[in-house]
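Numbering (the numbering used here), first residue to last: 8 to 51. Backbone N, C-alpha and C define an ideal beta-carbon position, used for all residues, glycine too. Single-structure report; data block below.
Structure, rendered in structure tokens:
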């Protein structure tokens, strides 16, 4: 199994919705909206 996070790009928001988080960096990275974590293109 891969040890990478997976995000689905949302063109309406202009951000990626993180659908599978791996590692601890998501405690300090990303934006939380409606209990979902989103990231910018630079963070993907």
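Beta bridge pairing from DSSP links residue 49 with no other residue. Excluding its 5 nearest sequence neighbours in each direction, residue 15 has C-beta neighbours in its own chain below 7 Å: 23, 24 and 26, listed in chain order. With respect to the 8 Å criterion, residue 28 and residue 44 are classified as neighbours on the basis of their beta carbons. Ranked by how close their Cα comes to the Cα of residue 49, the residues 11, 21 and 9 have 21 in first place.
Bridge partners of residue 26 according to DSSP: none are assigned.
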